[in-house]
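Numbering (this note's numbering), first residue to last: 22 to 271.
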């Protein structure tokens with residue numbers, strides 16, 4: 022638990038702070054990294070989370086319902102975040118004159134941190150899901166791969182919009198802490214008997230629906246004109262193979 026906390030915090034924080042090291046990043050390279058993250062996230066959702074959910078669920082039909090709820094909830098959150106969690110940098114609504122500057126930043130942070138808390142909650146250890154311990158490293162890697170480009174995108178937006186560097190650093194730290202806090206919170210609730218059985222199944226279903234939304238959105242946005250691009254296909258296959266190896270070989 023402590024190792025997961027430290028790894029989540031440091032990797033996300035480092036990705037956010039790297040915006041100061043690479044102020045003029047290569048957008049094409051960043052898009053390819055997003056494709057890799059999206060492919061891995063989609064693969065572990067299909068290979069690990071969903072099979073566990075349906076194998077242990079007492080009511081698979083309701084499980085499907087909560088997956089759909091998670092998918093739609095992620096769609097709703099993007100009205101606050103404008104897609105920063107899947108790498109959007111230049112399409113943030115912070116520039117919209119109809120919103121106040123401060124409230125837009127607050128909405129952005131609330132949406133991102135809520136999503137991060139939920140995905141961090143999946144890493145709790147006391148759970149009714151049978152093979153969670155086996156796949157916890159797979160899930161941890163997936164969350165890290167997803168959060169790093171999100172942290173970089175968030176830091177880029179905040180760096181443009183906020184004048185004080187200290188405020189930007191505080192926001193990045195808050196985002197980096199969100200998933201570890203979600204992990205600790207769900208662990209505490211599980212130990213208190215408040216997040217076991219059906220509650221954990223619902224949580225996994227909702228977050229997996231969000232993962233499906235984020236990963237498929239990355240795929241669609243990476244090829245807006247449906248053009249074949251061999252490099253994106255290759256990166257997607259490599260990410261999927263990594264997910265397969267981490268799930269079945271370790």
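Beta carbons: idealized from backbone N, C-alpha and C, even for Gly. This one's a predicted model, so the numbers in the text were calculated from it and none came from an experiment.
Exercise. How many angstroms separate the CA atom of residue 216 from the CA atom of residue 92?
Worked result: Here residue 216 corresponds to residue number 195 of the chain shown, with the count starting at 1. Here residue 92 corresponds to residue number 71 of the chain shown, with the count starting at 1. Taking the straight line joining both Cα atoms gives about 21 Å.
Exercise. Measuring CA to CA, which of 63, 28 and 160 is closest to residue 238?
Worked result: Locating residue 238 in the chain shown gives position 217, where the first residue counts as 1. Selected option, being the one with the closest Cα: 63.
Exercise. Buried or exposed: residue 253, going by 16 or more other Cβ atoms within 10 Å of its Cβ?
Worked result: As a first step, residue 253 must be located in the chain shown, where it is residue number 232. With 16 or more Cβ atoms within 10 Å of its Cβ, residue 253 is classed as buried.
For this session: Check the C-beta distance from residue 233 over to residue 66 and give it rounded, since I have them as a contact under 8 Å.
Result: Counted from its first residue, the chain shown places residue 233 at position 212. Counted from its first residue, the chain shown places residue 66 at position 45. So it is a contact: roughly 6 Å between Cβ atoms.
Exercise. Rounded C-beta distance between residue 196 and residue 175? I'm assuming under 8 Å.
Worked result: As a first step, residue 196 must be located in the chain shown, where it is residue number 175. As a first step, residue 175 must be located in the chain shown, where it is residue number 154. About 6 Å; that satisfies the 8 Å criterion.
Exercise. What's the call for residue 27, buried or exposed, on a 16-neighbour Cβ count within 10 Å?
Worked result: Working through the chain shown from its first residue, we reach residue 27 at position 6. Residue 27 should be labelled exposed.
Exercise. Should residue 49 be flagged as near chain D, meaning a C-beta pair shorter than 7 Å?
Worked result: Chain labels in this structure do not include chain D; a single protein chain is all it has.
For this session: Compute the beta-carbon to beta-carbon distance between residue 102 and residue 226, rounded to the nearest angstrom, for a pair I have assumed lies under 8 Å.
Result: The count along the chain shown starts at 1 and reaches residue 102 at position 81. The count along the chain shown starts at 1 and reaches residue 226 at position 205. Contact doesn't hold; Cβ gap of about 21 Å is too wide.
Exercise. Does DSSP put residue 219 in a helix, a strand or coil?
Worked result: Position 198 of the chain shown, counted from the start, is the residue given in the question as residue 219. Three-state DSSP puts residue 219 in a helix.
Exercise. In terms of residue numbering, what span does the alpha helix (DSSP H) encompassing residue 49 cover?
Worked result: Here the question's residue 49 lines up with position 28 in the chain shown. 48-65 is the extent of the alpha helix (DSSP H) around residue 49.
For this session: State the DSSP-derived secondary structure class of residue 22, mapped to helix, strand or coil.
Result: Working through the chain shown from its first residue, we reach residue 22 at position 1. Reduced to three states, the DSSP call for residue 22 is coil.
For this session: Please report how far the alpha carbon of residue 126 lies from the alpha carbon of residue 229, in whole angstroms.
Result: For the purposes of this step, residue 126 is identified with residue 105 of the chain shown, where counting begins at 1. For the purposes of this step, residue 229 is identified with residue 208 of the chain shown, where counting begins at 1. Going from the Cα of residue 126 to the Cα of residue 229 covers about 26 Å.
Exercise. How would you call residue 336, buried or exposed, if buried means at least 16 neighbouring beta carbons within 10 angstroms?
Worked result: The structure shown has nothing for residue 336, since the chain only spans 22 to 271.
Exercise. Within this structure, are the beta carbons of residue 37 and residue 265 separated by less than 7 Å?
Worked result: Here the question's residue 37 lines up with position 16 in the chain shown. Here the question's residue 265 lines up with position 244 in the chain shown. Contact flag unset, no.
Exercise. Going straight from the alpha carbon of residue 304 to that of residue 236, what length do you get?
Worked result: Not covered by the structure: residue 304. The range shown for the chain is 22 to 271.
Problem set entry | C-alpha distance - residue 81 paired with residue 201, whole-angstrom precision | Locating residue 81 in the chain shown gives position 60, where the first residue counts as 1. Locating residue 201 in the chain shown gives position 180, where the first residue counts as 1. Computed Cα separation, rounded: 29 Å.
Exercise. CB residue 267 to CB residue 159, shorter than 7 Å?
Worked result: Residue numbering aside, residue 267 sits at position 246 when the chain shown is read from its first letter. Residue numbering aside, residue 159 sits at position 138 when the chain shown is read from its first letter. Yes, they are a contact pair.
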